[in-house]
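Peer 1:
There are 2 protein chains.
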Amino acid sequence: MSLLVIGTVAYDAIETPFGKTDKIVGGAASFISLAASYYYPNIHLVSVIGDDYDQNFLKLLQSKGVNLSGLQIKQGEKSFFWKGKYHIDMNSRDTLDTQLNVLSNFDPIVPEAAKNAEFVMLGNLMPSLQMKVLNQLSHRPKLVMMDTMNFWMETAMDDLLKVMKEVDILTINDEEARILAKTPSLRKAATQILKMGPKILIIKKGEHGALLFYKDEVFFAPALPLEEVFDPTGAGDSFAGGMIGYLARTNDLSFENLKRAIIVGSAMASFTVEKFGTEALQHLTPIQIHNRIQEFVKLSSFEMKWLPDSETVNSR
Amino acid sequence: MSLLVIGTVAYDAIETPFGKTDKIVGGAASFISLAASYYYPNIHLVSVIGDDYDQNFLKLLQSKGVNLSGLQIKQGEKSFFWKGKYHIDMNSRDTLDTQLNVLSNFDPIVPEAAKNAEFVMLGNLMPSLQMKVLNQLSHRPKLVMMDTMNFWMETAMDDLLKVMKEVDILTINDEEARILAKTPSLRKAATQILKMGPKILIIKKGEHGALLFYKDEVFFAPALPLEEVFDPTGAGDSFAGGMIGYLARTNDLSFENLKRAIIVGSAMASFTVEKFGTEALQHLTPIQIHNRIQEFVKLSSFEMKWLPDSETVNSR
Chain A
28 MSLLVIGTVA YDAIETPFGK TDKIVGGAAS FISLAASYYY PNIHLVSVIG DDYDQNFLKL
88 LQSKGVNLSG LQIKQGEKSF FWKGKYHIDM NSRDTLDTQL NVLSNFDPIV PEAAKNAEFV
148 MLGNLMPSLQ MKVLNQLSHR PKLVMMDTMN FWMETAMDDL LKVMKEVDIL TINDEEARIL
208 AKTPSLRKAA TQILKMGPKI LIIKKGEHGA LLFYKDEVFF APALPLEEVF DPTGAGDSFA
268 GGMIGYLART NDLSFENLKR AIIVGSAMAS FTVEKFGTEA LQHLTPIQIH NRIQEFVKLS
328 SFEMKWLPDS ETVNSR
Chain B
28 MSLLVIGTVA YDAIETPFGK TDKIVGGAAS FISLAASYYY PNIHLVSVIG DDYDQNFLKL
88 LQSKGVNLSG LQIKQGEKSF FWKGKYHIDM NSRDTLDTQL NVLSNFDPIV PEAAKNAEFV
148 MLGNLMPSLQ MKVLNQLSHR PKLVMMDTMN FWMETAMDDL LKVMKEVDIL TINDEEARIL
208 AKTPSLRKAA TQILKMGPKI LIIKKGEHGA LLFYKDEVFF APALPLEEVF DPTGAGDSFA
268 GGMIGYLART NDLSFENLKR AIIVGSAMAS FTVEKFGTEA LQHLTPIQIH NRIQEFVKLS
328 SFEMKWLPDS ETVNSR
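From first to last, the protein sequence lines stand for chains A and B. Heads up: the first sequence begins at 28 in the numbering used here, then just goes up one per residue. Heads up: the second sequence begins at 28 in the numbering used here, then just goes up one per residue.
1. Is the CB of F45/B under 8 angstroms away from at least one CB in chain A?
2. So S297/A and L326/A are supposed to be a Cβ contact under 8 angstroms. How far apart are they, rounded?
3. Is the segment 110-127 of chain A touching the segment 136-143 of chain A, taking contact as three or more C-beta pairs under 8 angstroms?
4. Beta-carbon of F58/B versus every beta-carbon of chain A: anything under 8 angstroms?
5. Throw me the rounded Cβ distance for the F303/A and I41/A pair, which I believe falls under 8 angstroms.
6. Could you please give me the residues that DSSP links to M180/A through a beta bridge?
7. Threshold first: 4 residues or longer. Then list the alpha helix (DSSP H) segments lying entirely within the segment 152-233 of chain A, N to C.
8. Based on Cα-Cα distance, which residue from L213/B, F108/B, F282/B, V190/B lies nearest to E202/B?
9. Kindly list the residues whose CB is nearer than 6 angstroms to the CB of S155/A, restricted to its own chain and excluding five residues on each side of it in sequence; keep chain order.
10. Applying a beta-carbon distance threshold of less than 7 angstroms, which residues of chain A neighbour R120/B?
11. Mind checking whether the beta-carbon of A217/B lies closer than 7 angstroms to any heavy atom of the ligand FAD?
12. With respect to the beta strand (DSSP E) encompassing N94/A, which residues constitute its N-terminal and C-terminal limits?
13. For G236/A versus A267/A, is the C-beta distance shorter than 8 angstroms?
14. Kindly list the residues whose CB is nearer than 8 angstroms to the CB of E255/B, restricted to its own chain and excluding five residues on each side of it in sequence; keep chain order.
15. Considering only the beta carbon of each residue, do G224/A and E193/A sit closer than 8 angstroms?
16. Here's the rule: buried if 16 or more other CB atoms are within 10 angstroms of the residue's CB, otherwise exposed. What is G54/A?
17. For E306/B, write down the residues that DSSP places opposite it in a beta bridge.
18. Does the segment 237-247 of chain B come within contact of the segment 276-285 of chain A, defined as at least 3 CB pairs closer than 8 angstroms?
19. Looking only at its chain, what residues have a beta carbon closer than 6 angstroms to the beta carbon of V36/A, apart from the 5 residues adjacent to it on each side?
20. Could you please give me the residues that DSSP links to K112/A through a beta bridge?
21. Can you tell which of T182/A, I227/A, K215/A has its C-alpha closest to the C-alpha of D195/A?
22. Is the beta carbon of L239/A sitting closer than 8 angstroms to the one on I229/A?
23. Of all Cβ atoms in chain B, is any one closer than 8 angstroms to the Cβ of E330/A?
24. Taking 8 angstroms as the CB-CB limit, is D243/B close to chain A?
25. When you check each C-beta in the segment 103-132 of chain B against every C-beta of chain A, which residues fall closer than 8 angstroms?
26. Whose Cβ in chain B lies nearer than 8 angstroms to the Cβ of L326/A?
27. Counting contacts by CB-CB distance shorter than 8 angstroms, is L253/B in contact with chain A?
28. In terms of residue numbering, what span does the beta strand (DSSP E) encompassing I33/A cover?
29. Of the residues that make up the segment 209-224 of chain A, which ones have a beta carbon closer than 7 angstroms to any beta carbon in chain B?
30. Drop a sphere of 10 angstroms on the beta-carbon of G150/A, count the other beta-carbons inside from all chains shown, and report buried for 16 or more, exposed for fewer.
31. When you check each C-beta in the segment 135-159 of chain A against every C-beta of chain B, which residues fall closer than 9 angstroms?
32. Rounded to whole angstroms, what's the CA-CA distance from V160/A to V137/A? Just pull it up for me.
33. Using a Cβ-Cβ distance cut-off of 8 angstroms, determine whether R343/B contacts chain A.
34. Measuring alpha carbon to alpha carbon, tell me which of T305/B, Q315/B, I314/B, N318/B ends up nearest I51/B.
35. So H235/B contacts chain A; which residues on that side make the cut at Cβ distance below 9 angstroms?
36. Along the segment 282-309 of chain B, where does the CB come closer than 9 angstroms to a CB of chain A? Name the residues.
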């Protein structure tokens, strides 16, 4: 059994109100793989880079149980590069530069050893490439999770809708949910989107937490109020990675376990935003993760005891 | 023992993307008293109206255990009137008209029977008037809770800071917390504001829930994702009313009980926004409130079971 991750492995240059970086390693698949590796260190990564990519980072990924046989290295070409600047509120950002480079003609190839993957994470990427990966699998995985973004809703909606029909979990942010369902109410949007294919919808609200919709059930995972949000890049990918890593490790897709998985994802995202890029995710210890999850438990635990009709109801 | 509420009793005219009203009853003290009455129907209301005010609404308040001996009725004068229009996202609004009327020379007088109130809710009002109420009390109440807004931070900061020193709980929204503490981080803002007087800070984030800060503890109460937010007017007041009503009824100021109180407040606010003005709060049944609170319990309950260091930790 293995976990297959597809997405970008990229260079980022990031500017925030707190500082700026030169080219640093990034990309959806990097964050996803790193976050997932703390729970499930048996990952196949499918992506593409140029011959300019940081060898030390690749070695780090391998040391964490990420198999790179599906990572294409294009000689004489450059890796995908993104440069962005966050506004003072950290909730919005401007893209300053995008160089597709190797990504412009990326043809994902799933290695033989990963074709029977039971858990598949389709990181944010052109929907037709996400579909290409699904089409190479030898059988229907136990769980397919998909991340996407508004850009594909504007430029490749038909392809996006096709992939959505094939996935179990879709993760998008609140703005994207409203665009996709054409309604301002997230509750109504969720009902609509769950008719488009995914059995489970996760709406990410950044610093405001995340909502999990499954049938008529809804669960809310808070975001940890942090002293400082340093760099939000990769938060959503870390969230998805932590979530699918936990699901793969526990091999349990019940609603109760999905709730736990979304808390784990939120915890991984909370680490990511505390430092630039993948820095925080590179060297976590189990006890750090444990303690962070306990903070989430404390943050949202209460025991409802007393109600106006004088009954004592111990609801938790 | 009684609960003393000060704040406006007003007429509102509201326009939302879903409809508009003529003059309807509103005002902070109306929402607070109604919400609190479901838990603690022994309330003294201190406010002022003109002789134009809706007698049926006053009777309704009385029927719910709200004593109006502190409600001044100014003959020949008009009640405070506010007219506002919500934007399509319901998160922002424009004030179209404000007529202070009786409010312009309001001198709050606490009735003898309420001077020994154990629980005091200072609804959003000019800080000097909030202070005047506190100064009339015969002894320090068990709990003083205060709501305020950015307008007073701009026009009466010195008075506001004086009242803040006298209160136990301060409720403000996230924008106001950032203004008051001059930092974008809510966690840092909370630390700052807790040094200004209040022992407990509640940061209201509207559709994104509310944060409770107490010493080094933080608790997050989610907002219920509703099918439709119809009219947000009075949501914050209903929240405060539900909260202090629950605290007065349970007479328990422990952190665990504060958490329950903030969930009750969130439940009352969730009713308010589903209809225009005070409509939803006028005729709730205990079972409706009970069921709504259960929705909050379901929304945020999870049991963390499995962690990366292979321990089984049951954290709930």
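Backbone N, C-alpha and C define an ideal beta-carbon position, used for all residues, glycine too. Since the model is a prediction, treat every value here as computed from it, not as a measurement.
Peer 2: The short version:
1. As a first step, residue 45/B must be located in the second sequence, where it is residue number 18. Output row for F45/B: interface = no.
2. Mapped onto the first sequence, residue 297/A falls at position 270. Mapped onto the first sequence, residue 326/A falls at position 299. Not confirmed; about 11 angstroms, so no contact.
3. no
4. By 1-based counting over the second sequence, the position of residue 58/B is 31. By this cut-off, F58/B is not an interface position.
5. Reading the first sequence from its first residue, position 276 is the one you call residue 303/A. Reading the first sequence from its first residue, position 14 is the one you call residue 41/A. Indeed they touch by this definition, with Cβ atoms about 6 angstroms apart.
6. The residue given as residue 180/A occupies position 153 in the first sequence. According to DSSP, which records beta bridges pairwise, M180/A is partnered with nothing at all.
7. 154-162, 177-182, 184-191, 201-208, 213-220
8. Taking the second sequence and counting its residues from 1, one reaches residue 202/B at position 175. It is L213/B whose Cα lies nearest to the Cα of E202/B.
9. One-based indexing of the first sequence puts residue 155/A at position 128. Contacts found: D186.
10. As a position in the second sequence, residue 120/B is number 93, starting the count at 1. Under the 7 angstroms cutoff, chain A gives no residues; its nearest Cβ is about 15 angstroms from R120/B.
11. Judged by which ligands are present, the structure shown has none, so any question about the ligand FAD falls away.
12. Your numbering for residue 94/A matches position 67 in the first sequence. Unbroken beta strand (DSSP E) run through N94/A: 93-101.
13. Residue mapping note: residue 236/A aligns to position 209 of the first sequence, counting from 1. Residue mapping note: residue 267/A aligns to position 240 of the first sequence, counting from 1. Taking 8 angstroms as the Cβ cut-off, G236/A and A267/A do not qualify as a contacting pair.
14. Here residue 255/B corresponds to residue number 228 of the second sequence, with the count starting at 1. Cβ neighbours of E255/B beyond the five flanking positions: F45, E301.
15. Counting from one through the first sequence, the residue named residue 224/A turns up at place 197. Counting from one through the first sequence, the residue named residue 193/A turns up at place 166. Yes, these two residues count as a Cβ contact at 8 angstroms.
16. Stepping through the first sequence from its first residue, residue 54/A is reached at position 27. When all chains shown are included, G54/A counts as buried.
17. Here residue 306/B corresponds to residue number 279 of the second sequence, with the count starting at 1. DSSP output for E306/B lists no bridge partner at all.
18. no
19. For this step, residue 36/A is matched to residue 9 along the first sequence. These residues qualify, in order along the chain: G54, A56, S57, S74, I76.
20. For the purposes of this step, residue 112/A is taken as the residue at position 85 of the first sequence. In the DSSP output, where bridge partners are listed per residue, K112/A has E42/A, D121/A.
21. Start at 1 with the first residue of the first sequence, and residue 195/A comes out as number 168. Residue I227/A is the option with its Cα nearest to D195/A.
22. Taking the first residue of the first sequence as 1, we reach residue 239/A at position 212. Taking the first residue of the first sequence as 1, we reach residue 229/A at position 202. Cβ atoms of L239/A and I229/A: closer than 8 angstroms.
23. Numbered from 1 along the first sequence, position 303 holds the residue referred to as residue 330/A. Output row for E330/A: interface = yes.
24. The residue you call residue 243/B lines up with position 216 of the second sequence. So no, D243/B is outside the interface.
25. I115, D116, M117
26. If you number the first sequence from 1, residue 326/A lands on position 299. By Cβ distance, chain B contributes V245, F246, F247.
27. In the second sequence, the residue the question calls residue 253/B occupies position 226. L253/B counts as touching chain A.
28. If you number the first sequence from 1, residue 33/A lands on position 6. Start and end: 30-33.
29. P211, S212, L213, R214, K215
30. Numbered from its first residue, the first sequence carries residue 150/A at position 123. Classification for G150/A: buried.
31. none
32. By one-based count along the first sequence, residue 160/A stands at place 133. By one-based count along the first sequence, residue 137/A stands at place 110. The straight-line gap from Cα to Cα measures roughly 7 angstroms.
33. As a position in the second sequence, residue 343/B is number 316, starting the count at 1. Residue placement at R343/B cannot be trusted, given a pLDDT of 33 that sits under 50; what the coordinates show is reported in the next sentence. R343/B counts as touching chain A.
34. What you label residue 51/B is simply residue 24 of the second sequence in a count that begins at 1. Selected option, being the one with the closest Cα: T305/B.
35. Taking the second sequence and counting its residues from 1, the one referred to as residue 235/B is at position 208. Residues of chain A passing the Cβ test: K232, E234, H235, G236.
36. E283, N284, K286, R287, I289, I290, V291
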